[in-house]
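Protein chains in written order, with our numbering: chain A, 4 to 578; chain B, 42 to 230.
Below: one structure, written as structure tokens.
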């Protein structure tokens with residue numbers, strides 16, 4: 004039976020069919036739907052972990068104890084989990100362990116264009132890369148075979164255009180895998196120097212063995228055509244090469260690390276001109292050049308942005324260079340905080356108080372855009388707290404009283420706890436605002452420890468943020484509704500002036516999880532004085548007219564924030 | 042082979058439209074590739090979805106590029122103008138004539154172009170429809186996406202029964218009758 008599956012759904016299906024029994028992940032675009040789909044299989048234990056490091060440790064523990072397991076994340080999540088990942092490469096696994104990592108060339112929803120193949124190489128872990136949903140499913144099974152045969156964690160690397168493309172997949176049956184025997188093995192699983200010196204020898208031998216075997220792997224294949232031009236490629240780039248260069252011979256790599264030297268040398272010998280066409284870094288090209296094989300590619304495509312078929316056709320086949328994909332010179336449409344978003348009230352007040360705002364990763368990063376324009380920094384998960392603390396230590400506590408850290412509930416659980424503990428421990432003066440909307444919002448509404456619901460939406464132990472902060476030694480913890488702008492302003496004035504560490508929990512659920520939207524507001528033209536107060540909050544439902552404002556009833560969710568700000572009582576629901 | 046580009050504003054229901062098209066093509070034995078946008082731009086930003094279907098040649102790429110689209114389905118006027126480079130010389134743009142102001146317009150930094158539709162009409166064939174209004178008459182403005190499916194149906198080689206079946210496979214049972222009605226209204230437009 005064939006089904007039309009997202010690459011991410013197909014990854015989940017592949018893990019299911021391969022007999023995986025444990026999956027742990029933290030959501031991150033473009034990887035989120037993998038674990039969401041895993042959660043639909045009752046045969047697999049699945050969970051949202053607070054962060055990717057925990058997810059990899061959970062998956063490693065499951066694998067070491069004998070179960071096929073998986074961790075999933077976006078590319079920057081692998082940075083967070085690099086510590087267990089790099090050492091897991093030394094300890095090896097027992098049952099198969101696959102870490103699925105989704106890269107984002109073109110930065111559709113990410114802060115950088117990091118190439119996971121480089122981390123796989125650094126850790127000496129094999130890396131596979133599929134080109135379609137069918138391959139997503141098939142490669143997962145092969146990844147588990149490699150993981151077990153070579154006793155190594157394996158990276159399955161996908162990119163946005165594979166993760167979020169639906170293509171046809173032949174569905175198969177699940178093969179149950181009985182637990183492998185678990186035996187204490189101190190020399191293998193205890194990462195003390197004396198043990199790991201021996202394991203490093205194994206890692207090098209393992210990699211050499213896999214590199215030898217790679218020329219016979221079915222997922223590396225040559226598609227012979229005209230031998231004037233040969234192309235080595237993988238992943239989404241393979242799809243574009245097939246469309247743009249139909250006459251070229253193609254070596255399609257499924258195992259993108261380690262590279263099969265024999266296969267590449269044999270292919271290179273047969274073709275007159277060799278091009279390497281790959282998204283992101285010149286990962287294949289650098290290695291192949293280092294082997295003394297003449298080739299080129301990156302000089303024509305660069306390392307920035309995505310490859311496309313027309314780009315390849317023009318750079319390699321002499322076709323006309325395509326113009327821009329979008330009509331130039333017209334207004335952009337950047338993403339915005341949704342109508343009814345609780346963060347809007349928070350950023351309005353932060354702007355009014357003219358505070359320096361160290362923000363973080365989440366929907367609330369959008370508070371950086373006009374008209375709110377209320378963010379000074381955003382770097383990585385949890386950085387808001389560390390950076391606010393650093394600013395205080397550099398510029399003194401008077402600066403700290405004009406500075407706040409802002410991060411969401413899920414981001415706080417992910418990487419904020421240790422930063423806050425550092426502030427308490429190192430006598431920081433500062434205010435941390437936890438924008439608690441009871442959900443992991445930007446990635447499409449996943450539960451997390453702070454909302455007390457598990458991956459299936461079932462009640463579980465809920466983190467008590469107030470008690471946690473108090474236990475850490477935070478001097479003052481207060482909870483306030485960000486739509487009560489007067490109270491929020493008062494609380495923030497008091498807490499930022501405090502000569503110590505405080506946490507303000509700005510608490511209101513995400514507008515998209517509130518099931519029944521309120522009644523849309525209307526503007527009363529007799530009362531509106533056209534003062535512009537309601538335009539300061541950047542609500543997409545409110546537009547200016549010649550005489551005042553109009554509210555779009557298809558967008559307004561009746562949150563009432565504009566009403567709270569209107570000095571003339573001109574905004575209200577229809578009587 | 043058909044290349045279709047669906048453009049709109051995050052939250053307008055463009056993903057359901059691509060899901061229905063993909064399901065329909067698969068049901069009818071076509072090779073299918075659908076490329077979606079998830080994540081940040083879904084929050085009220087410009088969203089673009091590609092649908093490719095073929096029963097005569099292999100498909101590799103999931104992306105429709107410049108001058109390759111047989112049909113551009115635009116859910117909003119400014120997004121229609123933005124998507125103009127996608128359309129083939131003899132392609133058709135189906136436009137839901139709605140204006141949603143982007144934030145730079147709301148803040149007054151730039152003006153919403155008044156000639157969006159004129160500029161599109163100069164470049165390609167258009168079918169313009171107030172799908173939100175029709176959907177509202179069917180029971181909810183949220184079914185505008187399925188009204189547009191009804192318009193597109195006349196340009197693709199699938200029977201109304203096949204369309205109804207694909208819609209049934211993609212929407213929740215309790216919204217089925219509203220959506221079938223919305224589709225039929227679009228088809229009759």
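Here a beta-carbon is modelled for each residue, glycine too, at the ideal position from N, C-alpha and C.
Predicted model, so just to flag it, every value in this text is computed and none were measured.
Beta-carbon proximity check, residue i vs residue j, cutoff 8 Å
| i | j | result |
| --- | --- | --- |
| residue 531 of chain A | residue 478 of chain A | no |
| residue 157 of chain A | residue 128 of chain A | yes |
| residue 243 of chain A | residue 102 of chain B | yes |
| residue 79 of chain A | residue 117 of chain A | yes |
| residue 192 of chain B | residue 110 of chain B | no |
| residue 201 of chain A | residue 154 of chain A | no |
| residue 73 of chain B | residue 49 of chain B | no |
| residue 166 of chain A | residue 10 of chain A | yes |
| residue 495 of chain A | residue 369 of chain A | no |
| residue 183 of chain B | residue 86 of chain B | no |
| residue 133 of chain A | residue 161 of chain A | yes |
| residue 236 of chain A | residue 184 of chain A | no |
| residue 222 of chain A | residue 291 of chain A | no |
| residue 373 of chain A | residue 558 of chain A | no |
Whole-angstrom C-beta distance between residue j and residue i, which should lie under 8 Å
| i | j | result |
| --- | --- | --- |
| residue 73 of chain A | residue 18 of chain A | 5 Å |
| residue 500 of chain A | residue 507 of chain A | At roughly 13 Å, the Cβ-Cβ gap does not stay under 8 Å, so residue 500 of chain A and residue 507 of chain A are not in contact. |
| residue 367 of chain A | residue 407 of chain A | 12 Å between Cβ atoms; not a contact. |
Buried versus exposed, by CB contacts within 10 Å (16 or more), residue i
| i | result |
| --- | --- |
| residue 411 of chain A | buried |
| residue 222 of chain B | buried |
| residue 248 of chain A | buried |
| residue 51 of chain A | buried |
| residue 486 of chain A | buried |
| residue 285 of chain A | buried |
| residue 40 of chain A | buried |
| residue 187 of chain A | exposed |
| residue 93 of chain B | buried |
| residue 24 of chain A | buried |
| residue 127 of chain B | buried |
| residue 419 of chain A | buried |
Contact with chain B by residue i, beta-carbon distance below 8 Å
| i | result |
| --- | --- |
| residue 327 of chain A | yes |
| residue 238 of chain A | no |
| residue 403 of chain A | no |
| residue 119 of chain A | no |
| residue 410 of chain A | no |
| residue 311 of chain A | yes |
| residue 304 of chain A | no |
| residue 71 of chain A | no |
| residue 366 of chain A | yes |
| residue 369 of chain A | yes |
Contact list for residue i against chain B, beta-carbon separation under 7 Å
| i | result |
| --- | --- |
| residue 245 of chain A | 101 |
| residue 448 of chain A | The premise fails here: residue 448 of chain A is roughly 11 Å from chain B at the closest Cβ pair, so nothing lies under 7 Å. |
Beta carbon proximity, residue i to chain A, threshold 8 Å
| i | result |
| --- | --- |
| residue 84 of chain B | yes |
| residue 150 of chain B | yes |
| residue 65 of chain B | no |
| residue 98 of chain B | no |
| residue 7 of chain B | For chain B, the structure presents residues 42 to 230; residue 7 of chain B sits outside this window and is missing. |
| residue 182 of chain B | yes |
| residue 76 of chain B | yes |
| residue 205 of chain B | no |
| residue 136 of chain B | no |
| residue 154 of chain B | yes |
| residue 173 of chain B | yes |
| residue 126 of chain B | yes |
| residue 119 of chain B | yes |
Contact list for residue i against chain A, beta-carbon separation under 7 Å
| i | result |
| --- | --- |
| residue 209 of chain B | Result: empty, since nearest Cβ-Cβ is about 15 Å, beyond 7 Å. |
| residue 123 of chain B | 329, 330, 333 |
Per-residue contacts from residue i into chain A (C-beta, under 9 Å)
| i | result |
| --- | --- |
| residue 72 of chain B | 170, 171 |
| residue 43 of chain B | Going along chain A, no residue has its Cβ under 9 Å from residue 43 of chain B, so there is no contact; the nearest lies around 15 Å. |
Listed by chain order, chain B residues near residue i by CB distance under 8 Å
| i | result |
| --- | --- |
| residue 543 of chain A | 85, 141, 142, 144, 147 |
| residue 341 of chain A | 52, 84, 85 |
| residue 250 of chain A | Residues of chain B passing the Cβ test: none, with the nearest at roughly 14 Å. |
Residues that residue i contacts on chain B, provided the C-beta gap is smaller than 9 Å
| i | result |
| --- | --- |
| residue 546 of chain A | 142, 146, 147 |
| residue 164 of chain A | 76, 102, 103, 104 |
| residue 414 of chain A | What residue 414 of chain A touches in chain B: nothing, since even the nearest Cβ is about 15 Å away. |
| residue 337 of chain A | 82, 85, 86, 87, 143, 144, 145 |
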